[in-house]
Each structure stands twice: as C-alpha cells, then as structure tokens.
Amino acid sequence: MFELDARLSAAASFVRRGKRVCDVGTDHGYLAVFLLKEGMVPFVTACDVNEKPLQAAKAHAKQYDVLDRIGFILSDGLQAVPSENAEDIVICGMGGELIASIIGACSYIKEGDRRLILQPMTQIPFLRRYLLTNGFVIEREKAVCDRHHCYTVMMCRYADSPTVPNELFCHTGMLPFEKTAESYQYLEREAQRLARIAAGVEKSNPQDERVQHCRMLAKQIQALLKGWKQNEQTAE
Ligand SMILES: C[S@@+](CC[C@H](N)C(=O)[O-])C[C@H]1O[C@@H](n2cnc3c(N)ncnc32)[C@H](O)[C@@H]1O
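Numbering (this note's numbering), first residue to last: 64 to 299.
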C-alpha cells in the first residue's frame, strides 16, 4: 500500500473527490500518485519547473500503474497547465513568496470554482497577507507536526473580497479555530519564533521597532493559547 507522510496526507485530505487536480512542483509525484491510487480523483496534472523531478514522478507513476490518468507538464507554476485540468490546485513544499508569485502569475486562478491547497515552508505570514489582500479566503488550515517542524496546510478559494488582515491573523491563520493538539503546538512554536526574532534584533539594535512588534505578537499568541487551555478545562 502506498502511504504519504503526515504533511502530504493533510494536503490530500483537502482535495475534493472527483476534481481534476494540478500538483504544482510535484517533485517525486507522491501526492499525485496517492490521489490516483486511492481513486479520489480522475486525473492529475503533475507539473514541475525542472525536468529531473518530472522524470522521477513518471517513474513513480509507472511503478504504481497510474500512467493512464496522469499528465506531466514542464511548467513554471501554472503557466503551461490548461485551466480545465486545475480545478483543485495543490502547491506544497515551497516558500510562501514563491507560492504567492505562482498564484499571481496564473491568468485563470480567480475564475470558476477552484480550490487552492497550499503548504508554505517559509514566509507564511506573508502568504496569508497576500491571499487576503488579493481577494482569497482561507477556509481552513490543518497543522501537522513532527519532531523538528510544524507545518500548516491551507485550504483556500477566491472570493473576490479583498480584506486587510490584522497582523495576528497573518501569524495564526485559521489554526486557532481548529483546536487540535497540533495547531496548539504550531502556535506555541510561532510565539517562540517571534520571541527569538525579537531577541535577535534587540541584540544589534534595541531601538528597532520590530523588537516590540514581535514581542507583542508573541504575547498575543500566548494569551490566545492560555484562553484556549482555560476553556478546555472549564469544559471538562
Ligand atoms: C521541495 S519540492 C516539494 C515537492 C512536493 N510538492 C512536496 O511538498 O513534497 C519543490 C518542487 O517544486 C519545484 N518548483 C520550484 N519552483 C517551481 C515553479 N516555479 N513552478 C513549478 N515547480 C517549481 C522544484 O523543482 C521541486 O521539485
């Protein structure tokens, strides 16, 4: 049986059954093969900007006997991917800025009933801000943690309703609404990350306004987690 790691499993769980999926930056093609092997979707376009990963994905698809339901496209983002093959668009394992630039460069991403499943590795607040200011909504997020990292996977759609998100939302996203142990852990680590940034900046320039800004955000996240724990205890 073919199994995905927890990060890609979370992404797969957001894919709608029966949709034509485009896996942008497919690399090894694990997610694409999994969706087909599980019979979740009829067709996947596996695209990558580099030829070598596409060859690996092809070999993988052959091994799992799904070559008849998968298309391979050498493409920078979605540039060479036909719109009808990208009902659900998965972009995992890239930096937040790169994901935002792929979204921004796609001519059809705001048309039709499309779902975006995004899993940024870095610049996550940047990506949340980009999405909201450009009219997308983040409907759900799932946190996944292993020993070293916590990841978040976002489920988004275009809603033609640009909003200016507050700074706290850019750092927490929808995770406070998920109320899972992993989202708690993700938010704890985000507060620690912000506190570390504040301490680092303070060393070289104590007057830098980022010091207070990051500390304030870290405190807000900690307060949110405290309230969450208290509510849980009251409910028990
Ligand atoms: C770290 S791998 C992530 C693989 C897989 N999506 C995952 O999450 O496990 C990133 C992949 O994205 C591809 N990539 C980078 N920039 C891209 C772009 N602009 N368009 C398409 N693919 C890109 C790379 O070649 C690489 O195969």
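Cβ atoms here follow ideal geometry from the backbone N, Cα and C, with glycine treated the same way.
Note that this is a predicted model, so its numbers are computed, not measured.
Whole angstroms is fine: what's the gap from residue i's alpha carbon to residue j's?
| i | j | result |
| --- | --- | --- |
| residue 156 | residue 218 | 15 Å |
| residue 103 | residue 192 | 31 Å |
| residue 227 | residue 198 | 10 Å |
| residue 224 | residue 167 | 16 Å |
| residue 195 | residue 236 | 11 Å |
| residue 89 | residue 270 | 44 Å |
Just to confirm, does residue i get its C-beta within under 6 Å of one of the non-hydrogen atoms of ligand 1?
| i | result |
| --- | --- |
| residue 148 | no |
| residue 151 | no |
| residue 112 | yes |
| residue 167 | no |
| residue 219 | no |
| residue 155 | yes |
| residue 90 | yes |
| residue 140 | yes |
| residue 145 | no |
| residue 8 | No statement about residue 8 is possible, as the shown extent of the chain runs from 64 to 299 and does not include it. |
| residue 269 | no |
| residue 116 | yes |
Look up residue i in the DSSP assignment and give the residues it is bridged to.
| i | result |
| --- | --- |
| residue 235 | None; residue 235 has no bridge partner. |
| residue 155 | 182 |
| residue 218 | 180, 203 |
| residue 137 | 111 |
| residue 83 | 106 |
Relative to the alpha-carbon of residue i, which residue among the options has its alpha-carbon at the smallest distance?
| i | options | result |
| --- | --- | --- |
| residue 205 | 184, 241, 225, 177 | 241 |
| residue 214 | 296, 250, 225, 112 | 250 |
| residue 120 | 294, 256, 86, 143 | 86 |
| residue 148 | 83, 74, 220 | 83 |
| residue 182 | 259, 173, 71, 65 | 71 |
| residue 276 | 216, 267, 230 | 230 |
| residue 221 | 137, 179, 298 | 179 |
| residue 210 | 177, 245, 234, 232 | 245 |
| residue 171 | 263, 142, 161, 118 | 142 |
| residue 117 | 92, 130, 264 | 92 |
| residue 258 | 188, 125, 299, 282 | 282 |
| residue 109 | 128, 135, 100, 94 | 135 |
Quick one: grab the DSSP three-state call for residue i.
| i | result |
| --- | --- |
| residue 122 | helix |
| residue 111 | strand |
| residue 260 | helix |
| residue 274 | helix |
| residue 96 | helix |
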